[in-house]
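These notes concern the structure reproduced below.
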Amino acid sequence: MRQANTETYLRMYRQMVRIRNFEDQANQLYLSAKMPGLTHMYSGEEAVAVGICEALKVTDKITSTHRGHGHCVAKGAEFKQMFCELLGKEEGYCRGKGGSMHIADQSNGNLGANAIVGGSMGIATGAALSAKRLGTDDVTVCFFGDGATAQGLMYEVMNMAALWSLPVIYACENNGYSEYTRTDEIAAGSITARAEAFGIEAFKVDGQDVLAVNDLAQKLVARCRKGEGPFFIELETYRYHGHHVGDINRDYYRSKDEEKAWHANRDPITNFGAWLTGEGIADQGELDAINAAVKADAEAAVAYALDAKYPDGSEVDMHVFAGAS
Amino acid sequence: MMREITLSTAVNEAIAEEMRRDETIFLIGEDVAEAGTPFKITSGLVEEFGTDRVIDTPIAEPGFMGIAVGAAMTGSRPIVDLMFGDFIFLIMDQLCNQAAKTHYMSGGKLNVPLVLRTNMGATRRSAAQHSQSLHAIVAHIPGLKIAMPSSALEAKGLLKTAIRDDNPVVIFEDKLMYQDKAPVPEGELLIPFGQANIKREGTDITLIGTSSMVQVAEKAAETLAAEGISAEVIDPRTIVPLDMDTINASVRKTSRCIVIDEGHQSFGVTSEIAARIMEQSFYHLDGPVIRMGAMDVPIPFSPALEDITVPTPEGVIATARKLMAGEMFDV
Amino acid sequence: MSDIIMPALGMAQDTGKLVKWLKAPGDPVTTGDPLFEVETDKSVMEVEAQADGFLTQVSASDGDDVPVGQVIAVIGDTADNAVAPAQTTPDPVSDPAPAPLPTPAPEPVVKAAPAPGRSAAVAAPAGGRILASPKARRLAREEGLVLADLSAHGVPMPYHVGDLEVLRRAATSPGQPVVMAATRQITARCPQHGVHKFIDWMQTEGDISVSAQAIFTSFAAAALRAATERNEIVIQQADGDGRSLRLRNPDFTRLSAPAHETDDTADLELHDLTDGFLTSLRLGDANLPTLGIGADGDSYLITFEFNGAHLDDDQAIAFVTGFARRLADPLYHLV
Numbered sequence: 001m002r003q004a005n006t007e008t009y010l011r012m013y014r015q016m017v018r019i020r021n022f023e024d025q026a027n028q029l030y031l032s033a034k035m036p037g038l039t040h041m042y043s044g045e046e047a048v049a050v051g052i053c054e055a056l057k058v059t060d061k062i063t064s065t066h067r068g069h070g071h072c073v074a075k076g077a078e079f080k081q082m083f084c085e086l087l088g089k090e091e092g093y094c095r096g097k098g099g100s101m102h103i104a105d106q107s108n109g110n111l112g113a114n115a116i117v118g119g120s121m122g123i124a125t126g127a128a129l130s131a132k133r134l135g136t137d138d139v140t141v142c143f144f145g146d147g148a149t150a151q152g153l154m155y156e157v158m159n160m161a162a163l164w165s166l167p168v169i170y171a172c173e174n175n176g177y178s179e180y181t182r183t184d185e186i187a188a189g190s191i192t193a194r195a196e197a198f199g200i201e202a203f204k205v206d207g208q209d210v211l212a213v214n215d216l217a218q219k220l221v222a223r224c225r226k227g228e229g230p231f232f233i234e235l236e237t238y239r240y241h242g243h244h245v246g247d248i249n250r251d252y253y254r255s256k257d258e259e260k261a262w263h264a265n266r267d268p269i270t271n272f273g274a275w276l277t278g279e280g281i282a283d284q285g286e287l288d289a290i291n292a293a294v295k296a297d298a299e300a301a302v303a304y305a306l307d308a309k310y311p312d313g314s315e316v317d318m319h320v321f322a323g324a325s
Numbered sequence: 001m002m003r004e005i006t007l008s009t010a011v012n013e014a015i016a017e018e019m020r021r022d023e024t025i026f027l028i029g030e031d032v033a034e035a036g037t038p039f040k041i042t043s044g045l046v047e048e049f050g051t052d053r054v055i056d057t058p059i060a061e062p063g064f065m066g067i068a069v070g071a072a073m074t075g076s077r078p079i080v081d082l083m084f085g086d087f088i089f090l091i092m093d094q095l096c097n098q099a100a101k102t103h104y105m106s107g108g109k110l111n112v113p114l115v116l117r118t119n120m121g122a123t124r125r126s127a128a129q130h131s132q133s134l135h136a137i138v139a140h141i142p143g144l145k146i147a148m149p150s151s152a153l154e155a156k157g158l159l160k161t162a163i164r165d166d167n168p169v170v171i172f173e174d175k176l177m178y179q180d181k182a183p184v185p186e187g188e189l190l191i192p193f194g195q196a197n198i199k200r201e202g203t204d205i206t207l208i209g210t211s212s213m214v215q216v217a218e219k220a221a222e223t224l225a226a227e228g229i230s231a232e233v234i235d236p237r238t239i240v241p242l243d244m245d246t247i248n249a250s251v252r253k254t255s256r257c258i259v260i261d262e263g264h265q266s267f268g269v270t271s272e273i274a275a276r277i278m279e280q281s282f283y284h285l286d287g288p289v290i291r292m293g294a295m296d297v298p299i300p301f302s303p304a305l306e307d308i309t310v311p312t313p314e315g316v317i318a319t320a321r322k323l324m325a326g327e328m329f330d331v
Numbered sequence: 001m002s003d004i005i006m007p008a009l010g011m012a013q014d015t016g017k018l019v020k021w022l023k024a025p026g027d028p029v030t031t032g033d034p035l036f037e038v039e040t041d042k043s044v045m046e047v048e049a050q051a052d053g054f055l056t057q058v059s060a061s062d063g064d065d066v067p068v069g070q071v072i073a074v075i076g077d078t079a080d081n082a083v084a085p086a087q088t089t090p091d092p093v094s095d096p097a098p099a100p101l102p103t104p105a106p107e108p109v110v111k112a113a114p115a116p117g118r119s120a121a122v123a124a125p126a127g128g129r130i131l132a133s134p135k136a137r138r139l140a141r142e143e144g145l146v147l148a149d150l151s152a153h154g155v156p157m158p159y160h161v162g163d164l165e166v167l168r169r170a171a172t173s174p175g176q177p178v179v180m181a182a183t184r185q186i187t188a189r190c191p192q193h194g195v196h197k198f199i200d201w202m203q204t205e206g207d208i209s210v211s212a213q214a215i216f217t218s219f220a221a222a223a224l225r226a227a228t229e230r231n232e233i234v235i236q237q238a239d240g241d242g243r244s245l246r247l248r249n250p251d252f253t254r255l256s257a258p259a260h261e262t263d264d265t266a267d268l269e270l271h272d273l274t275d276g277f278l279t280s281l282r283l284g285d286a287n288l289p290t291l292g293i294g295a296d297g298d299s300y301l302i303t304f305e306f307n308g309a310h311l312d313d314d315q316a317i318a319f320v321t322g323f324a325r326r327l328a329d330p331l332y333h334l335v
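Residue numbers (my numbering), protein chains in the order written: chain A, 1 to 325; chain B, 1 to 331; chain C, 1 to 335.
Below, the structure written as structure tokens:
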């Protein structure tokens with residue numbers, strides 16, 4: 001298991017902690033009525049985004065979902081611009097025009113979160129088509145949830161990706177719930193079998209184990225670059241929070257005991273930390289230092305973003321069209 | 001004597017010339033390769049450019065539209081062929097929620113340089129789900145440009161401009177005009193967006209027509225001229241952006257206007273143009289601006305019924321006479 | 001130490017109602033313990049503790065409406081300060097103040113008043129509005145043509161630009177026979193002594209000299225204003241030598257002060273005949289409504305000529321009646 005070096009492991013750990021801290025701060029911003037609109041927390045799923053994105057390079061592309069902060073951080077985004085975007089400030093990644101559900105980071109290959117369930121699957125497949133046609137060896141990862149397997153678009157694009165052998169990895173983050181309904185009530189049959197029906201190789205992995213995710217991702221990304229794609233991964237994971245930040249009392253669809261069990265036994269950060277200290281790669285002090293530094297970073301970024309200015313009103317009709325029009 | 005080519009050939013030329021010029025352009029849609037589409041427009045392209053650049057898709061409109069959007073966001077310039085304009089309803093999320101809004105939602109950082117080529121026009125006996133003219137619906141969405149060629153000349157010039165535009169552009173070709181010939185010059189031909197064309201000058205009444213309604217207006221103008229009514233015919237060529245300067249100048253000259261379009265009468269392009277004229281040239285109007293669109297009915301199959309539903313030269317002539325006589329149009 | 005805030009839970013919510021505390025001030029608290037119940041616009045929800053410690057500095061009570069985001073307690077490391085000092089009540093909350101509505105721009109007041117150069121007959125002819133195209137109206141206004149005159153020429157509505165030719169020809173060649181609307185006439189009589197008494201009173205009490213003509217002019221304006229509800233009234237005073245003076249709103253200026261002269265088209269032409277031999281003018285030529293005041297023994301003879309385009313009959317009757325009333329008792333109407 002110990003394939004990468006210490007630096008890589010610590011970076012993985014740090015990225016997961018960054019995501020957790022970002023979400024905690026974002027949650028607070030919402031609850032204290034400082035953030036406009038709604039957002040969707042990724043807490044609990046960190047190993048999925050980090051495990052996969054650590055196998056990608058900057059020019060590889062990802063598409064994200066409404067639950068997109070984790071992917072955004074994992075693909076290299078900075079706290080300041082992310083918080084600014086969530087608050088609708090001018091320095092946000094999208095100049096405040098996208099918000100949490102449309103956050104995109106073009107320079108890091110993040111083609112954007114999408115508020116339409118399954119809405120970015122076409123875009124991801126198209127990015128893979130571009131890569132193949134233009135002869136880059138870029139790979140695209142399409143993140144989506146178990147709920148999106150109900151969207152027709154998924155089948156249309158997987159069909160074409162398979163027909164044209166596109167370098168795209170469809171990563172299904174199965175967190176057991178599609179909004180407020182259990183997955184087994186909205187997805188008939190097997191999720192991986194859907195991909196296999198198109199002749200696409202499909203894999204299942206424990207989404208809480210960052211090393212397992214990363215290991216699988218590295219293999220599939222390498223094969224994609226050789227033209228062996230597409231691929232499909234189902235990652236078993238869990239979101240600690242509700243569907244969105246206002247979904248606080250959830251026991252009508254999800255039991256507290258279940259939530260407690262995942263927190264206690266399947267937390268990706270806790271477990272990876274335990275593995276690192278167990279293997280002697282890092283000691284608790286180093287991990288604590290990382291935790292503290294990231295927390296401070298996040299707090300500073302939030303303070304910065306709260307103070308930052310909104311875009312000027314004159315920007316409202318800019319960027320409808322590209323170029324002089 | 002300038003050569004005359006069909007609208008179909010003009011489109012083919014435009015695509016081929018652009019694809020030779022820029023390798024990032026590719027064509028994607030149903031039956032676009034060997035079959036050249038059911039309208040035989042793209043015949044020959046796959047032989048020149050290969051299946052890598054002329055891509056046949058399964059019958060999966062949302063799918064290949066979404067793929068085109070993603071490709072456009074990542075360095076390619078796709079031309080999407082949507083076999084019938086009626087199918088635009090199938091791709092609305094990818095076109096209107098994704099393509100149209102991506103540049104804006106990303107604060108100007110992501111571009112979607114794609115062209116959606118589709119068609120419009122009734123009286124082909126294709127019934128309600130293959131005869132619609134739905135340009136008004138997408139013209140309503142900020143972030144999309146809409147072009148409406150009225151002949152082979154515009155079909156070539158507007159398509160080439162569309163392909164070079166960094167924004168999502170929807171072009172509606174009139175499916176009944178694919179075999180109609182018109183003079184088209186050799187060589188480079190780029191028609192800019194937002195520039196209307198005055199097809200016939202006149203002094204008594206302005207007739208604004210889109211797509212094949214330009215020909216309807218021109219026929220009406222001929223007959224009206226014999227009665228001593230001098231009609232000016234204007235082809236906006238693109239409805240987004242819309243050239244109101246030319247339209248206003250004409251209406252201020254003539255003080256009377258009829259707008260003719262093949263979308264349905266209610267809530268359509270004619271209403272938008274008429275409203276803008278009313279706002280901007282109000283004190284120059286000597287009569288109401290009259291809208292003439294297709295009837296507000298699903299397009300019927302029977303020829304006896306279908307032909308009644310669309311604007312005709314006779315209808316335009318009758319309306320023009322009424323306007324000139326100062327009659328009222330109240331209900 | 002960690003703050004406990006009233007959370008934002010619904011989209012359309014500025015406050016949350018703290019239904020009841022589930023822990024008492026000073027109680028020990030573990031992460032995940034339910035702390036209090038909140039009623040939102042949709043339902044009652046439990047809010048859980050996010051930290052371990054003791055419930056302290058409680059500053060909201062059961063039943064309070066608390067603004068979203070406000071701190072209502074603190075999870076402290078010790079049980080000190082269990083209740084917030086001085087029992088601070090949460091900010092008094094009335095209905096959450098709605099965002100101030102943008103002040104609507106003042107509506108442009110549409111006046112029927114003639115602007116300089118504008119025809120007075122944009123005022124409606126008898127009974128109805130004038131229907132004309134925007135271009136016809138604009139050109140009529142610019143050229144000083146009276147659209148209302150078109151009905152006298154037998155031109156049917158709606159009026160278009162072509163119809164203005166009729167008016168242009170009429171303006172440039174008055175000799176041409178033109179069909180005129182029938183002139184109507186109202187006469188009235190009232191005693192003169194009220195006016196004389198008033199003029200004397202002004203002279204003795206205020207040492208102000210006021211002419212009868214000025215009184216006629218002021219009263220004519222006031223009576224016409226009352227009868228037609230127009231905002232602007234211009235009275236044209238004709239003197240015997242063919243000159244005329246147009247005065248704007250003479251009823252608004254003091255009789256002792258000069259009234260505002262104007263070039264605007266007049267609403268009415270006034271002939272003061274009291275100083276000569278004529279008692280009335282009935283010339284049937286009403287381009288403008290014409291009011292003549294002649295003397296006949298102890299009375300004033302009031303003659304008013306107009307046509308249907310100027311005023312309807314009810315308005316004319318009200319005007320003449322009002323004018324005569326004022327003449328009969330000026331003091332009452334002026335003071």
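Ideal Cβ placement from N, Cα and C applies to all residues, glycine included.
Beta-carbon gap between residue i and residue j smaller than 9 Å
| i | j | result |
| --- | --- | --- |
| A:T65 | A:F144 | yes |
| B:G29 | B:D81 | yes |
| A:D129 | A:A171 | The sequence given here places Leu at residue 129 of chain A; Asp does not occur at that position. No, the pair does not count as a contact, with Cβ atoms beyond the cut-off. |
| B:A35 | B:D56 | yes |
| A:M82 | A:E46 | no |
| B:L153 | B:L189 | yes |
| C:L291 | C:H271 | yes |
| C:V58 | C:G16 | no |
| A:A161 | A:A187 | no |
| A:A113 | A:G135 | no |
Straight-line gap, residue i to residue j (C-alpha atoms, nearest Å)
| i | j | result |
| --- | --- | --- |
| C:L281 | B:I290 | 52 Å |
| B:E327 | C:M157 | 10 Å |
| B:A68 | A:C142 | 15 Å |
| B:E17 | B:D93 | 31 Å |
| C:D163 | B:Y283 | 16 Å |
| C:T262 | C:A226 | 21 Å |
| B:G143 | B:A162 | 14 Å |
| B:D245 | B:I258 | 17 Å |
Top-ranked residue by Cα proximity to residue i, from the options
| i | options | result |
| --- | --- | --- |
| C:A238 | C:E232, C:R184, C:D264, C:L268 | C:L268 |
| A:E336 | A:M101, A:A308, A:C94 | Outside the shown range of chain A (1 to 325) lies residue 336 of chain A, about which nothing can therefore be said. |
| A:D60 | A:G147, A:I52, A:D138 | A:D138 |
Chain E contact for residue i (CB, 9 Å cutoff)
| i | result |
| --- | --- |
| A:F231 | Among the chains of the structure shown, chain E does not appear; the protein chains present are A, B and C. |
Legend entry - Cβ contact (3+ pairs, closer than 8 Å) linking the stretch 308-318 of chain B and the stretch 212-223 of chain B: yes
Inset, instruction - List in chain order: all unbroken alpha helix (DSSP H) runs of 4+ residues lying wholly within the stretch 46-104 of chain A. - result: 46-53, 69-74, 79-86
Inset, instruction - Report yes or no: do three or more beta-carbon pairs, one from the stretch 105-115 of chain B and one from the stretch 97-108 of chain A, lie closer than 8 Å? - result: yes
Inset, instruction - Note down, one range per segment and in chain order, each beta strand (DSSP E) of at least 3 residues found wholly within the stretch 63-122 of chain B. - result: 77-81, 115-120
Inset, instruction - Tell me, please, whether the stretch 254-274 of chain A touches the stretch 202-209 of chain A by the rule of three or more beta-carbon pairs shorter than 8 Å. - result: yes
Inset, instruction - Give a yes or no on contact between the stretch 204-216 of chain B and the stretch 259-274 of chain B, applying the rule of three or more CB pairs nearer than 8 Å. - result: yes
Inset, instruction - Identify every run of the beta strand (DSSP E) within the stretch 30-57 of chain B, keeping only runs that are complete inside it and at least 3 residues long; order them along the chain. - result: 54-56
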